[in-house]
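Participant: Everything in the sequence shown is counted per numbering that gives the first Met the number 0, starting at 0 for the first residue and increasing by one. This is the structure, below, for whatever I ask next.
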Amino acid sequence: MGECIIPDVSRTYHFGNSGTNVNPYFQDAYFTKHKLNKQPMVQLKDIDRMTKDNYEEIIHELLKKATTHLKGDPCDKNFVPDTKGKIYTMYISKNGQTDYDTWMGVAKCFKLWDLDARGFHKSLWRFWIKSNQIIVIGCPDSPYCTYKPDDLQLIKIEKPKK
Numbered sequence: 000m001g002e003c004i005i006p007d008v009s010r011t012y013h014f015g016n017s018g019t020n021v022n023p024y025f026q027d028a029y030f031t032k033h034k035l036n037k038q039p040m041v042q043l044k045d046i047d048r049m050t051k052d053n054y055e056e057i058i059h060e061l062l063k064k065a066t067t068h069l070k071g072d073p074c075d076k077n078f079v080p081d082t083k084g085k086i087y088t089m090y091i092s093k094n095g096q097t098d099y100d101t102w103m104g105v106a107k108c109f110k111l112w113d114l115d116a117r118g119f120h121k122s123l124w125r126f127w128i129k130s131n132q133i134i135v136i137g138c139p140d141s142p143y144c145t146y147k148p149d150d151l152q153l154i155k156i157e158k159p160k161k
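Structure (structure tokens):
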């Protein structure tokens, strides 16, 4: 039986500008504001480690190495420091399998896909900002919450009222 490679947060772009699920206006209004990797010929690393058990090892290694926990307002332009090569963790409120309110707010702040929740692994999301790896952990839902310091407050973003 095969295994799937577990992704970081999706950085894909919807190239079609018409169809059942998208129109040219939405395509332009939504996707031109979002982060995309426009670097051709990227070099992939550690492909042989991208199996379920190896991925778990990678996540635990990264969480043990992460020494700085991001706090405050993720929409603040200085939320992620101007450093390079660091691993930052961010612990957010996530109460159960269907609670994505804070994640959707975080995704919107970072201009990631925010129309629905995807690209996560056990309530953990990984992405890169300013050449730093960001690991977002939804607590108490994720088993990785054990890495959260007891005195660290969860970041919570309320879903906007309609």
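Every residue gets a Cβ at the ideal spot worked out from N, C-alpha and C, and that includes glycine.
Please return the same chain residues whose Cβ sits closer than 6 Å to the Cβ of Leu123, not counting the five positions on each side in sequence.
Facilitator: Result list for Leu123: Ile136, Ser141 and Tyr143, in chain order.
Participant: Rounded to whole angstroms, what is the Cα-Cα separation between Thr145 and Asn53?
Facilitator: For Thr145 and Asn53, the distance between alpha carbons rounds to 19 Å.
Participant: Inspect the CB distances between the region 145 to 160 and the region 92 to 108 and report whether three or more fall short of 8 Å.
Facilitator: Segments in contact, yes.
Participant: Anyone know if the C-beta pair for Val79 and Ile128 falls short of 8 Å?
Facilitator: Yes, these two residues count as a Cβ contact at 8 Å.
Participant: Evaluate contact between the region 41 to 52 and the region 60 to 79, counting only Cβ atoms and requiring at least three cross-stretch pairs below 8 Å.
Facilitator: Contact between the region 41 to 52 and the region 60 to 79 is absent, because fewer than three Cβ pairs lie under 8 Å.
Participant: Excluding five sequence neighbours on each side, which residues of the same chain lie with their C-beta closer than 8 Å to the C-beta of Met0?
Facilitator: Low per-residue confidence applies at Met0: pLDDT is 38, beneath 50, and the placement is therefore not dependable, though the value from the model is reported in the following sentence. Within the same chain, Met0 has no close Cβ partners at all.
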